[in-house]
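Colleague:
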Amino acid sequence: TAHETPTLVISGSNDDAKIEKLIESGVDVVRENARDLTAVLESLRTRDLQSVLVEGGTEIAGAFTDAKLVDKLTFIVAPIVIGGHHAPSAIGGHGANSLEAALRLRDLEIIKHGGDYEFTGYPAED
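Quick note: the sequence shown uses our numbering, first residue 1, plus one each step.
#1: Give me, in chain order, the residues of the same chain whose beta-carbon lies closer than 7 Å to that of residue 43; leave out the 5 immediate sequence neighbours on both sides.
#2: Only counting runs of 4 or more residues, tell me where the alpha helix (DSSP H) segments fall wholly within the region 26-61, in order along the chain.
#3: Should residue 40 be labelled buried (16 or more other beta-carbon atoms within 10 Å of its own) or exposed?
#4: Strictly by DSSP, which residues pair up with residue 106?
#5: With respect to the beta strand (DSSP E) encompassing residue 76, which residues constitute its N-terminal and C-terminal limits?
#6: Shortest alpha-carbon distance to residue 68 belongs to which of 13, 9 and 125?
#7: Could you tell me the distance, in whole angstroms, from the CA atom of residue 75 to the CA atom of residue 23?
#8: My output table needs one value for residue 18: the three-state DSSP class, helix, strand or coil.
Below, the structure is given as structure tokens:
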């Protein structure tokens, strides 16, 4: 796929063999401390990238949200209820301990995909 669509991977890995495999498959690899999100975004900015899709699990979503480095959020919601103290969360990181502290979205767009819903919005200014 990387040969068909430009693909860039940010990696803090020291595993040269893995990095070399990615490069051989056509992936552009940026070696950066992946935990320093500001440095990662600065590295991408120097490549004239104007938009970044951050796709991953709860921890990466939480890290970008906690650092206030998100300007657009999209969630896909299925009509399934998961609950309990150890249930997975959509966003990790520090999060909000109250509704007043929660991240609110503005200009919300909702699209139905079969039985699922896609919610896209922009963080409201404080």
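Cβ coordinates follow ideal geometry from the N, Cα and C atoms, glycine included. Nothing here was measured: the structure is a model prediction, and the numbers come from that model.
Modeller: In short:
#1: 30 and 32
#2: If we require 4 residues or more, the alpha helix (DSSP H) runs fully inside the region 26-61 come out as 37-45.
#3: buried
#4: 122
#5: 73-77
#6: For residue 68, the nearest C-alpha among the options comes from 125.
#7: CA-CA distance, residue 75 to residue 23, rounds to 31 Å.
#8: helix
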